[in-house]
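In the working numbering, the protein residues as written are 1 to 328.
Glycine included, each C-beta is placed from N, C-alpha and C at the ideal position.
Keep in mind that this is a model prediction, so the values were computed, not measured.
Contents: one structure, followed by commentary.
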């Protein structure tokens, strides 16, 4: 007798190749449309499934996990971050949690550099003029930005993505500086040509560009708060492709409006999709809809990791990307 296949619930639409492979391997329930599950749908999912495949938009909190059925044994997150999941409560209830680390590093680092260039070279302003048909021709002083070669880049968080940003910044001739919870090994610093700052305050005050690449944890909430943003040079810009909660968005908005910070490039926001409306009005702010990891290749590789984690679990082994509270 063939064994019963695992019941898997996927909370959002995934690339077709991923959904097809999930359907081949498991008893999978897919979404008909690309909308987030309601709370009621999530409750039904955790009560009925062996495996839940959520995304960063799904709040898998203690209250939801408290309603989970006995069958639920794995939450295979479709994403590298797991701040949407109460990992400690899941562990207490005997539910494993896995994620998809590593596959989005290059995509996010590419977007970080794109935002740095977009802000410093005023690309959206030029695009707007062309789309509106208002361009009257080249002029020596029109749309003057600043070159990034020779500028100091301060990277906040030197994990996989931060290091990938450093390599790209080196290719553009930027001077790389960083602040991290732990200092890198000397050979890694030498490879990246990166200068370590133990004091985030001291680093922030000296940089031309700040790139936020650290995860969202209780210790990084508003790490770039009003006081620290105030330390930035008036000519400096800040770019965030990590998590919105790391930056005090209201303070940032006030300072850019007051001319105390030269600009910002944001792909993530403190309140999710509820973006501060005053940010939209600023020509020196580039806003993107969380596109940092949005490549087809990256999304498929994320799905492949989810499948490997589920299949390894089904075969009675520890998922290769299992997350435990000590890692957070």
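Simplified DSSP assignment, three categories, for residue i
i	result
residue 220	coil
residue 52	strand
residue 329	The structure shown does not extend to residue 329, since the chain is modelled only from 1 to 328, so the question has no answer here.
residue 142	coil
residue 88	helix
residue 210	strand
residue 95	coil
residue 116	helix
residue 105	helix
residue 322	strand
residue 82	coil
residue 1	Residue placement at residue 1 is poorly supported in this model, since its pLDDT is 44, which falls under 50; the coordinates are not used for a value here.
residue 29	strand
residue 137	coil
residue 203	helix
residue 246	helix
Where the beta strand (DSSP E) containing residue i begins and where it ends
i	result
residue 287	285-287
residue 240	237-240
residue 75	74-76
residue 188	Here residue 188 belongs to no beta strand (DSSP E); instead the alpha helix (DSSP H) covers 186-192.
Counterpart residues of residue i in DSSP-defined beta bridges
i	result
residue 179	156
residue 264	238 and 285
residue 196	178
residue 60	85
Alpha helix (DSSP H) segment containing residue i, residue limits
i	result
residue 227	226-231
residue 7	From DSSP, residue 7 is part of no alpha helix (DSSP H) but of the beta strand (DSSP E) over 7-10.
residue 307	296-314
residue 17	16-25
residue 253	249-257
residue 71	Where residue 71 is concerned, there is no enclosing alpha helix (DSSP H), given that its DSSP letter is neither H nor E.
Residue j beta carbon less than 8 Å from that of residue i
i	j	result
residue 323	residue 97	yes
residue 109	residue 168	yes
residue 158	residue 200	no
residue 120	residue 146	yes
residue 51	residue 74	yes
residue 247	residue 232	no
residue 306	residue 53	yes
residue 59	residue 93	no
residue 211	residue 156	yes
residue 325	residue 10	no
Integer-rounded CB distance, given that residue j should sit under 8 Å from residue i
i	j	result
residue 173	residue 154	No, residue 173 and residue 154 are not in contact; Cβ-Cβ is about 16 Å, not under 8 Å.
residue 241	residue 100	That pair is no contact at about 17 Å.
residue 310	residue 6	7 Å
Any non-hydrogen atom of the ligand GTP within 7 Å of residue i CB
i	result
residue 123	This structure lacks the ligand GTP; in fact it carries no ligand of any kind.
Test: residue i CB closer than 8 Å to a CB of chain B
i	result
residue 324	Judged by its chain identifiers, the structure shown contains no chain B, having just a single protein chain.
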